[in-house]
Amino acid sequence: MLTLFVALTATAPAASLSIEGECPGLLELRISDVAPGADVYLLFGGAPGSDPVPSGPCEGIDSSLERLARQFGPFRADVSGEYVIARAFGGALCPRYASVLDTNTCTASRSVPLAGGVSDFPHDNGLGVVWFNEVPTGTIDEAQAQLSCEASYPGECERRDGDCAGPGWCYYLDGGYEPCWGWEAGCSGSAGRVWEYGSSYTTYGYWD
119 MLTLFVALTA
129 TAPAASLSIE
139 GECPGLLELR
149 ISDVAPGADV
159 YLLFGGAPGS
169 DPVPSGPCEG
179 IDSSLERLAR
189 QFGPFRADVS
199 GEYVIARAFG
209 GALCPRYASV
219 LDTNTCTASR
229 SVPLAGGVSD
239 FPHDNGLGVV
249 WFNEVPTGTI
259 DEAQAQLSCE
269 ASYPGECERR
279 DGDCAGPGWC
289 YYLDGGYEPC
299 WGWEAGCSGS
309 AGRVWEYGSS
319 YTTYGYWD
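Following this line, the structure appears as structure tokens:
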């Protein structure tokens, strides 16, 4: 008599992400359904999709996003398997979608819109961050400069105009305003440049 033993393996549920609040403004992103103490990452992209995670412990897995642009973390889940992020989001991030990557199971949650809707035009903020809105790529003006800054530093950018490079939207870092996103030509370069405030010939990149 031949007896067959079949092992049944339960599949771990994927992490969950819920978002409360209005964008732009203060949002609460609640990560849940992960193992207590697990490391999780928050991912941002332009739309729901299946782009692979580009790096890290779960490199190559489906991110649940298209045009994957940024990855934040790791964040460590509490004893109940949750983690809450509450912060202000600027308008540059509002058209995006988010998902959560659970490194314990190497699975991503379904994608969730930050504010609903996806805009059509991609913009590079000059520091390697791609964001999207309804303004055509290559539009260089103050509003777009502010959004480019906020794509890297949501809610933390300030307008400055004391540098000969021209006015810019800048992030305050280590006691000084750097980098800055300008929309006018100045003493040290053309419009659409990202430079170091107070050292305007230091160019970090160009935004569009």
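All residue numbers for the sequence shown refer to the numbering used here, where the first residue is 119 and numbers rise by one. Using N, Cα and C, we set each Cβ at its ideal position, and we do this for glycine too.
**Message:** Using a 10 Å radius around the Cβ and a threshold of 16 neighbouring Cβ atoms, would you call D292 buried or exposed?
**Reply:** One-based indexing of the sequence shown puts residue 292 at position 174. An exposed status is given to D292, since fewer than 16 other beta-carbon atoms sit within 10 Å of its beta-carbon.
**Residues that G155 bridges to, as DSSP identifies them** = Here residue 155 corresponds to residue number 37 of the sequence shown, with the count starting at 1. In the DSSP assignment, G155 forms no beta bridge with any residue.
**Request:** Output the distance between the C-alpha atoms of Y322 and W249, rounded to the nearest integer angstrom.
**Result:** Your numbering for residue 322 matches position 204 in the sequence shown. Your numbering for residue 249 matches position 131 in the sequence shown. Straight-line Cα distance between these residues: approximately 18 Å.
**Message:** Rounded to whole angstroms, what is the Cα-Cα separation between L135 and Q189?
**Reply:** The sequence position of residue 135 within the sequence shown is 17, counting from 1. The sequence position of residue 189 within the sequence shown is 71, counting from 1. Using only the alpha carbons, I get a separation of about 15 Å.
**Asked** Which of the three DSSP states, helix, strand or coil, is assigned to C141?
**Response** Here residue 141 corresponds to residue number 23 of the sequence shown, with the count starting at 1. Judged by DSSP in its simplified three-state form, C141 adopts coil rather than helix or strand.
**Asked** What residue range is occupied by the uninterrupted beta strand (DSSP E) comprising A204?
**Response** Walking along the sequence shown from the start, residue 204 turns up at place 86. A204 -> beta strand (DSSP E) spans 201 to 207.
**Prompt:** Cβ of A187 less than 8 Å from any chain D Cβ?
**Reply:** Given the protein chain composition of this structure (a single chain), no chain D is represented.
**Message:** Can you tell me where the alpha helix (DSSP H) holding A269 begins and where it ends?
**Reply:** Locating residue 269 in the sequence shown gives position 151, where the first residue counts as 1. A269 -> alpha helix (DSSP H) spans 260 to 270.
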